[in-house]
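J.: As they're listed, the protein sequences go chains A and B.
When the count follows our numbering, it moves up by one through the first sequence with no breaks and lands on 380 for the last residue.
When the count follows our numbering, it moves up by one through the second sequence with no breaks and lands on 380 for the last residue.
There are 2 protein chains.
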Amino acid sequence: MDRESKLVERIGRAFRSGSRRTHDTALRLGIGDDAAVISSGGKDDWVLSCDAFLEGVHFLAKTHPADSVGYKSLVRATSDLAAMGATPRYFLLTLAIPASRTGVWLDEFLNGMVRAARSLEIVLAGGDTTKSSVISISITVVGEIARGHAVTRSGARPGNIIYVSGTLGRAQLGLELLLHRKIKVRGHRGGRARHSDRVLQRLLQPHLYPKIQVALGIWLAKRRMASAMMDISDGLSTDLGRLCAASGVGARIFPDLVPRVTVPAKFSNLTGGLKLDALKMALHGGEDYELLFTVSPRNVKHLRAAPGFSQLKAIGEVTRGKSVMLMDKDGTKQHLEPRGWDPFRG
Amino acid sequence: MDRESKLVERIGRAFRSGSRRTHDTALRLGIGDDAAVISSGGKDDWVLSCDAFLEGVHFLAKTHPADSVGYKSLVRATSDLAAMGATPRYFLLTLAIPASRTGVWLDEFLNGMVRAARSLEIVLAGGDTTKSSVISISITVVGEIARGHAVTRSGARPGNIIYVSGTLGRAQLGLELLLHRKIKVRGHRGGRARHSDRVLQRLLQPHLYPKIQVALGIWLAKRRMASAMMDISDGLSTDLGRLCAASGVGARIFPDLVPRVTVPAKFSNLTGGLKLDALKMALHGGEDYELLFTVSPRNVKHLRAAPGFSQLKAIGEVTRGKSVMLMDKDGTKQHLEPRGWDPFRG
């Protein structure tokens, strides 16, 4: 189990043993999944999730445009609701910034966040602001879903087919580029440089302005097509491990089937010789925010009607064991170690 | 207007002008009040608020026990719901800590928070954990209130009587003591010192383990006794200014009526000569989490049945103007400047 998951388990244990109200009937799903599910008393359940986005941990204030920080912090928080199949409605923003960031930086940050809120059709309902030595953003997103339809991480069953909703590793490619471009592109003004720059800018988008799978999540949950679901925020290897642990199952993944980013032929030139392994990025790269979900074989045929069906890829199947295995084409197999993003790894 | 309020207004403006869904009928109350109010579709509304509690801004990791940090961060977040008259139910915890804090510090922090959750009868529903260079806590509290009963800051009317729910300045007295005790008490082991230490420890409690007014808030909201309400987190002078601005009214406060902390006779000795002004602490000291509320004269007689009635004090009245005035006993008056806690003040 990764360190962050262990920490979450420890927090959960402390509160379970300390609380009088151990069986809260309105709390349909508590900590450990992508989001909490609370009965509203009406025909819909509420789905709530919170997400931290911190300078020096999740982004670098000197490298990442403020507009991207605002956009991405809201999008990634909302992805946790997409992962339950919920419709996002509102968000609360806790914003702690140094006084030096209350000028242009804040305007650009808000521009990015307003743009994300508009595209997600989600409304700012409240928040808290204070100063801080580093930029610290925490967002709580509130959404709705028909009672009992939320898709958890724990419903995967042996024989289910494992799907991802799109290409993996694109965000890491963008990140690597951003970190290297800083050195490479500065000062270039010629026509060729501008063309290269446009190519590079396009490759940066998945890292700076990620898209999330809200419509697909809603579709899958509404029709009960997915037995388990989560979003891939920390990397397939880490997140699939979490889904399997929550479901008490194992998995068999075929690396050839994993849809991976194409590293452009000129990439190495453009970045001063940086070489990247597309499969490694697809298996372990974080922040793609694609959905990872499992489907019973009898439901597979119905997926044709799903939003973005052409992007959905079956990458393997759920097994009875507890281990997550990578099946190479030559028949050899190896453990898929969780090597995605883990903030507490040494 | 204080700087933090200006910042909140700026954020609100950015989202109002940028959003297509300007009139969300389910969002009964958006940003700018203590908490957001959202219709659940059922007979109750949901009330949500979030609150940041940061190392180096709101507490000092070397001075404040981890147990107090856990306890207080949840209590102060929940106070925003008390300020609406809501019943707190759930909370989400965003916890960002250095790896060095994941041992004993985290255990003690969780102990304190579990104790607060138990006393508030509130359940951990979810959260997010990550690493950070400094301890950064953000808590979202979710509560319920009968539809339309939430008490906002904006309902105060000229002629209403202004109340506070208890003694002000106690938290600041505790803080001053804590900051000075560090120097003074260290190394004392004698019998007399132990007695002094017990006295000091008692005085520290309101700062380290504040109590909040959930029962009173619920009582006032249920009977529609308060025309406006908020909790005093940043100091009476700052928070009363906010309530008056939200209501479009002024106020007249009689300093003799403001219930203030008693500075013990030995205090100056115990702290190596520190001298404190009880009225200044009552007017400008933050973190008391008492309720500040306004009552129509015809409802005043009903307050006798309120929980903690003997502690309720009328301190002045709402006026037609826009200014908040302090009326001295000799008949002179002066503006009550907002001199409470403002994170963005230079």
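Here a beta-carbon is modelled for each residue, glycine too, at the ideal position from N, C-alpha and C.
Could you tell me the distance, in whole angstroms, from the CA atom of Val157 (chain B) to the CA atom of Lys363 (chain A)?
T.: Translated into the one-based positions of the second sequence, residue 157 (chain B) becomes position 123. Translated into the one-based positions of the first sequence, residue 363 (chain A) becomes position 329. Looking at the two C-alpha atoms, the distance is approximately 49 Å.
J.: Can you give me the Cβ contacts of Phe301 (chain B) inside the same chain, cut-off strictly under 6 Å, excluding the 5 residues immediately before and after it?
T.: Residue mapping note: residue 301 (chain B) aligns to position 267 of the second sequence, counting from 1. Same-chain partners within the cutoff: there are none.
J.: Would DSSP call Ser302 (chain A) helix, strand or coil?
T.: One-based indexing of the first sequence puts residue 302 (chain A) at position 268. In the three-state DSSP reduction, Ser302 (chain A) falls in the helix class (H, G or I).
J.: Leaving aside the five residues before and after Leu129 (chain A) along the sequence, list all residues of the same chain whose C-beta is less than 7 Å from its C-beta, in chain order.
T.: Taking the first sequence and counting its residues from 1, the one referred to as residue 129 (chain A) is at position 95. The answer, listed in chain order, is Gly161, Thr163, Ile171.
J.: In whole angstroms, what separates the C-alpha of Tyr243 (chain B) from that of Phe93 (chain B)?
T.: The residue labelled residue 243 (chain B) in the question sits at position 209 within the second sequence. The residue labelled residue 93 (chain B) in the question sits at position 59 within the second sequence. Cα to Cα, the separation comes out at about 13 Å.
J.: Residues bridged to Pro122 (chain B) by DSSP?
T.: The residue given as residue 122 (chain B) occupies position 88 in the second sequence. Pro122 (chain B) pairs with B:Gly177.
J.: Quick check on this structure: which residue in A:Val176, A:Lys309, A:Arg187 has the alpha carbon closest to the alpha carbon of Val283 (chain A)?
T.: As a working note, residue 283 (chain A) is residue 249 in the first sequence. The alpha carbon of Val283 (chain A) has as its nearest neighbour, out of A:Val176, A:Lys309, A:Arg187, the alpha carbon of A:Arg187.
J.: Applying a beta-carbon distance threshold of less than 9 Å, which residues of chain A neighbour Ser10 (chain B)?
T.: Nothing about residue 10 (chain B) can be read from this structure; chain B reaches only from 35 to 380.
J.: Please work out which residues of its chain come closer than 8 Å, Cβ to Cβ, to Ile217 (chain A), disregarding the five sequence neighbours upstream and downstream, and give them in chain order.
T.: Taking the first sequence and counting its residues from 1, the one referred to as residue 217 (chain A) is at position 183. The pLDDT assigned to Ile217 (chain A) is 40, lower than 50, so where the model puts this residue is not dependable; a value taken from the coordinates is nonetheless given after this. Counting only Cβ-Cβ distances below 8 Å, and skipping sequence neighbours, we find Gly306.
J.: Just mark Met35 (chain A) as buried or exposed, buried being the case when its beta carbon has 16 or more other beta carbons within 10 Å.
T.: Counting from one through the first sequence, the residue named residue 35 (chain A) turns up at place 1. Burial call: exposed.
J.: How is Asp67 (chain A) classed by DSSP in three states: helix, strand or coil?
T.: Taking the first sequence and counting its residues from 1, one reaches residue 67 (chain A) at position 33. DSSP places Asp67 (chain A) in strand when its eight states are reduced to three.
J.: If you count every other CB in all the chains shown that lies within 10 Å of the CB of His9 (chain A), and 16 or more means buried, which is it?
T.: Residue coverage of chain A in this structure runs from 35 to 380, which leaves residue 9 (chain A) outside it and unanswerable.
J.: Determine the direct distance from the alpha carbon of Ala279 (chain A) to that of Arg354 (chain A), and round the result to whole angstroms.
T.: For the purposes of this step, residue 354 (chain A) is taken as residue 320 along the first sequence, with counting starting at 1. For the purposes of this step, residue 279 (chain A) is taken as residue 245 along the first sequence, with counting starting at 1. Going from the Cα of Arg354 (chain A) to the Cα of Ala279 (chain A) covers about 12 Å.
J.: Taking buried to mean at least 16 other C-beta atoms within 10 Å of its own C-beta, is Phe125 (chain B) buried or exposed?
T.: Here residue 125 (chain B) refers to the residue found at position 91 of the second sequence. By the neighbour-count rule (16 or more Cβ atoms within 10 Å), Phe125 (chain B) is buried.
J.: Is Ala93 (chain B) close to chain A? Criterion is C-beta to C-beta, closer than 8 Å.
T.: Taking the first residue of the second sequence as 1, we reach residue 93 (chain B) at position 59. Just to set this straight, residue 93 (chain B) is Phe in the shown sequence, not Ala. Cβ-Cβ to chain A under 8 Å: no for Phe93 (chain B).
J.: Whole-angstrom Cβ separation of Val352 (chain A) and Ala316 (chain A), contact assumed at under 8 Å?
T.: Position 318 of the first sequence, counted from the first residue, corresponds to residue 352 (chain A). Position 282 of the first sequence, counted from the first residue, corresponds to residue 316 (chain A). Incorrect: roughly 20 Å between the Cβ atoms, too far for contact.
J.: Along chain A, in chain order, which residues have C-beta atoms closer than 7 Å to that of Pro377 (chain B)?
T.: Within the second sequence, numbered from 1, the residue matching residue 377 (chain B) stands at position 343. Near Pro377 (chain B) (Cβ distances below 7 Å), the residues of chain A are Thr164, Lys165.
J.: Figure out for me which residue from B:Val297, B:Leu212, B:Ser166, B:Arg332 has the closest Cα to the Cα of Thr201 (chain B).
T.: Reading the second sequence from its first residue, position 167 is the one you call residue 201 (chain B). Considering only alpha carbons, the answer is B:Val297.
J.: For Ala48 (chain B), would you say it is in contact with chain A, using Cβ-to-Cβ distances shorter than 8 Å as the test?
T.: If you number the second sequence from 1, residue 48 (chain B) lands on position 14. Interface residue, yes.
J.: What span of residues does the alpha helix (DSSP H) with Glu142 (chain A) cover, start to end?
T.: Here residue 142 (chain A) corresponds to residue number 108 of the first sequence, with the count starting at 1. Looking at the DSSP string, the run of the alpha helix (DSSP H) that includes Glu142 (chain A) is 138–154.
J.: Quick check on this structure: which residue in A:Ala48, A:Pro372, A:Pro331, A:Gln247 has the alpha carbon closest to the alpha carbon of Asn145 (chain B)?
T.: The residue labelled residue 145 (chain B) in the question sits at position 111 within the second sequence. Per the Cα distances, A:Ala48.
J.: Step through the CB atoms of chain B and report whether any lies within less than 8 Å of the CB of Ser74 (chain A).
T.: Here residue 74 (chain A) corresponds to residue number 40 of the first sequence, with the count starting at 1. By this cut-off, Ser74 (chain A) is an interface position.
J.: Which term fits Gly374 (chain B), buried or exposed, when burial requires 16 or more other beta carbons within 10 angstroms of its beta carbon?
T.: Stepping through the second sequence from its first residue, residue 374 (chain B) is reached at position 340. Gly374 (chain B) should be labelled buried.
J.: Using 10 angstroms around the beta-carbon of Glu371 (chain A), count the other beta-carbons present and answer buried if the total reaches 16, otherwise exposed.
T.: Residue numbering aside, residue 371 (chain A) sits at position 337 when the first sequence is read from its first letter. Burial is judged here by how many other beta carbons sit within 10 angstroms of a residue's own beta carbon; Glu371 (chain A) has fewer than 16 and is exposed.
J.: Tell me, to the nearest whole angstrom, how far the beta carbon of Gln239 (chain B) is from that of Gly319 (chain B); I am working on the premise that it is less than 8 Å.
T.: As a working note, residue 239 (chain B) is residue 205 in the second sequence. As a working note, residue 319 (chain B) is residue 285 in the second sequence. The Cβ separation is near 15 Å, so there is no contact.
J.: Could you tell me which whole beta strand (DSSP E) segments of length 3 or greater appear in the stretch 77–106 of chain B?
T.: 78–88
J.: Three Cβ pairs or more, each shorter than 8 Å: is that satisfied between the stretch 103–122 of chain B and the stretch 64–71 of chain A?
T.: no
J.: Along the stretch 120–154 of chain B, what residues have a CB closer than 7 Å to any CB found in chain A?
T.: Tyr124, Leu126, Thr128, Ala130, Ala133, Thr136, Leu144, Val148, Ala151, Arg152
J.: Near Val42 (chain A), which residues of its chain fall below 8 Å by C-beta distance, leaving aside the five closest residues on each side in sequence?
T.: Residue mapping note: residue 42 (chain A) aligns to position 8 of the first sequence, counting from 1. Excluding residues within five positions, the ones whose Cβ falls inside 8 Å are Ile65, Gly66.
J.: Contact defined as beta carbons within less than 8 Å: I believe Ala116 (chain B) pairs with Gly251 (chain B). What is the distance between those atoms, to the nearest angstrom?
T.: In the second sequence, residue 116 (chain B) corresponds to position 82, counting from 1. In the second sequence, residue 251 (chain B) corresponds to position 217, counting from 1. Yes, they are in contact, since the Cβ atoms of Ala116 (chain B) and Gly251 (chain B) sit about 4 Å apart, within 8 Å.
J.: May I ask you to report which of helix, strand or coil DSSP gives His369 (chain A)?
T.: Counting from one through the first sequence, the residue named residue 369 (chain A) turns up at place 335. The answer is strand: DSSP assigns His369 (chain A) an E or B state.
J.: Could you check whether the Cβ of Asp265 (chain A) sits closer than 8 Å to any Cβ belonging to chain B?
T.: Here residue 265 (chain A) refers to the residue found at position 231 when the first sequence is read from its first residue. For Asp265 (chain A), the answer is no, since every Cβ of chain B falls outside 8 Å of its Cβ.
J.: Can Gly342 (chain B) and Ser199 (chain B) be called in contact, C-beta distance under 8 Å?
T.: The residue you call residue 342 (chain B) lines up with position 308 of the second sequence. The residue you call residue 199 (chain B) lines up with position 165 of the second sequence. Result yes, Cβ atoms of Gly342 (chain B) and Ser199 (chain B) sit closer than 8 Å.
J.: Does any residue of chain A bring its CB to less than 8 Å from the CB of Gly161 (chain B)?
T.: Residue 161 (chain B) sits at position 127 when you count from the first residue of the second sequence. Gly161 (chain B) counts as touching chain A.
J.: Can you say whether Ala339 (chain A) is buried or exposed, counting buried as having 16 or more other CB atoms within 10 angstroms of its CB?
T.: By one-based count along the first sequence, residue 339 (chain A) stands at place 305. Exposed is the call here.
J.: Whose CA, out of B:Gly208, B:Val91, B:Asp78, B:Arg191, lies closest to the CA of Ile169 (chain B)?
T.: Locating residue 169 (chain B) in the second sequence gives position 135, counting from the first residue. Ile169 (chain B) has its Cα closest to that of B:Val91, out of B:Gly208, B:Val91, B:Asp78, B:Arg191.
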